[in-house]
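2 protein chains.
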Amino acid sequence: MIAEVRASRPGGRTARVRSDVLAAVETELAEHGYDGLTIDAVAARSGVHRTTLYRRWKTVPGLLVDLLEAGADDSWEPADTGSLEGDLVAVNREIHAALTARPSITQAVIAASFRTTDAADALTRFWEDRYERTALVVSRAVARGEIPSGTDPHQLLLTATAPLYHQVVLLRQPMSREQADHHARIAAASVR
Amino acid sequence: MIAEVRASRPGGRTARVRSDVLAAVETELAEHGYDGLTIDAVAARSGVHRTTLYRRWKTVPGLLVDLLEAGADDSWEPADTGSLEGDLVAVNREIHAALTARPSITQAVIAASFRTTDAADALTRFWEDRYERTALVVSRAVARGEIPSGTDPHQLLLTATAPLYHQVVLLRQPMSREQADHHARIAAASVR
DNA sequence: ATCCTAACGCAACGTCCGTCGCATTTAGGG
DNA sequence: CCCTAAATGCGACGGACGTTGCGTTAGGAT
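Top to bottom, those sequences are chains B and Z. This note's numbering applies: residue 39 is where the first sequence begins, and numbers increase by one. This note's numbering applies: residue 39 is where the second sequence begins, and numbers increase by one.
Following this line, the structure appears as structure tokens:
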């Protein structure tokens, strides 16, 4: 995910404008939700001119993509708890926190991904990166002899994490952390 | 889900307009996808005036909600294969078919649910209805003595079906029917 | 310190989307 | 068969959204 921004003039005012705008996006998102997120509103709140927003970010989804990438931690890796079950529980708790945060940037980007292909691509890239890194918990479990070496990381992570996304994002119903833990344990047990 | 339309004049032209419009929505959806689905385009194709669409359906999501409800089968119930695993596999295959259909009305309504609360509510109601009916496979399994009586149907169905939705709708990656079957079996095994 | 130009501010414009008032059609009842 | 009002057709309007051309500011290099 290393961006390596090769912009010709990324410092000073430009950087200040960016952080002002992204901050405005976040507060605007918290107050009015994704539906109320407008270029004009962000411009008014941030004090940056409309035209600048249209030029640099094009669309509302574009703003959220930038917010996602700004918040992406390049050094992220899954917690090492010593067992597959513990690792999966930790992963699910992170996802649970991200989905129940207010505002949930993850949920906003998901909504945005249904509008522009750019946002959809950015989200896909983000998740691919995360799933790839999280595959480490599987290889560690294999190394410990907990599970067979042929285990498919993607399918296992899908079993663990998909119920959270489905329940909260699509079914739009609350999910407790205990339920999140529960699905992590089911996934861990499914490969023993 | 019984609609019981109490409109004061539901027959004749009104019904013809509705079916024309919904047909136009479906073909338009197939040709241009959800992004290209416009009130104007539907009006042009169906031969119904723009104003009529705005008056009866308000928005594009409104059109899709109506399409969803028009296609909802009030007598639907899950297949009875004689085993929990078989029943869950059958359920997952139905979902798999609905998500990979072209055009997938389910996917379109999901996209719409991120735009208006009406669409979100309609989708929630639809899924609640389906999950409620599908709980029958759990009670049948309990009656057969396959699984303990305290089993939570919702959690079980979440384990079985969530990976399909997550993989196809959010991760936007293909899922084979074999993988869909696989997740149904994991869910069945998780409650033994 | 000076210059160049990327980035931003500003105002005006054009387009698309949804709404409104009024005319016309037609479903359904008497 | 006729009458009423629901439903649709039609044109025009207003506002929100995105774009464009041009002037201004300031970052970064010389």
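The C-beta atom is built at its ideal place from N, Cα and C for all residues, glycine as well. Computed from a prediction, not measured in an experiment: that's the story for all the values here.
8 Å contact criterion, which residue i and residue j should meet: CB distance rounded
i	j	result
B:V63	B:L137	So it is not a contact: roughly 19 Å between Cβ atoms.
B:T197	B:I133	Rounded, the Cβ-Cβ distance is 13 Å, inconsistent with contact.
B:R210	Z:T162	6 Å
Z:H221	Z:L202	7 Å
B:P99	B:D156	7 Å
Coil, strand or helix - residue i by DSSP
i	result
B:D72	Per the sequence shown, the amino acid found at residue 72 of chain B is Tyr instead of Asp. Looking at B:Y72 - three-state DSSP - the assignment turns out to be coil, as it is neither helix nor strand.
Z:I185	coil
B:G109	helix
Z:H87	coil
B:G50	coil
B:E132	helix
B:G120	coil
B:T172	helix
Z:A139	coil
Z:Q145	helix
B:S228	coil
B:D159	helix
Z:E166	helix
Z:T197	helix
Z:Q211	coil
Z:R223	helix
Z:R178	helix
B:R153	coil
Z:T97	coil
B:D58	helix
B:E115	coil
Z:D190	coil
Residue j beta carbon less than 8 Å from that of residue i
i	j	result
Z:V127	Z:T189	no
Z:L122	Z:A218	no
Z:A81	Z:L91	yes
Z:A117	Z:D125	yes
Z:R88	Z:D78	yes
Z:R215	Z:R93	no
B:L208	Z:I143	no
Z:H204	B:H70	no
Close Cβ partners of residue i (< 6 Å) along its chain, the five nearest in sequence each way excluded
i	result
Z:V59	S84, V86
Z:A179	L122, I185
B:A150	P99, L102, A157
Z:S187	V180
B:T52	none
Z:R153	P99
B:A146	L67, Y72, L102
Z:V55	V86
B:A61	none
Z:S57	none
Cβ shell of residue i (< 8 Å), same chain only, five flanking positions each side left out
i	result
Z:E115	R171, L174
Z:T65	R83
B:G50	none
Z:S46	none
B:G141	Correcting the residue type first, residue 141 of chain B is Pro in the shown sequence and not Gly. E64, L67, A68, G71.
Z:R223	E123, L126, V127
B:T119	D125, V127, A128
B:R44	Residue placement at B:R44 cannot be trusted, given a pLDDT of 44 that sits under 50; the coordinates are not used to answer.
Z:Y169	P191, H192, L195
Cutoff 7 Å; reference residue i; Cβ partners in own chain excluding five residues on either side
i	result
B:F164	L106, A110
Z:W95	L101, D104
B:V176	T189, P191, L194
B:P212	none
Stretch-stretch touch, CB-based, cutoff 8 Å, three pairs: the stretch 149-163 of chain Z with the stretch 88-105 of chain Z
yes
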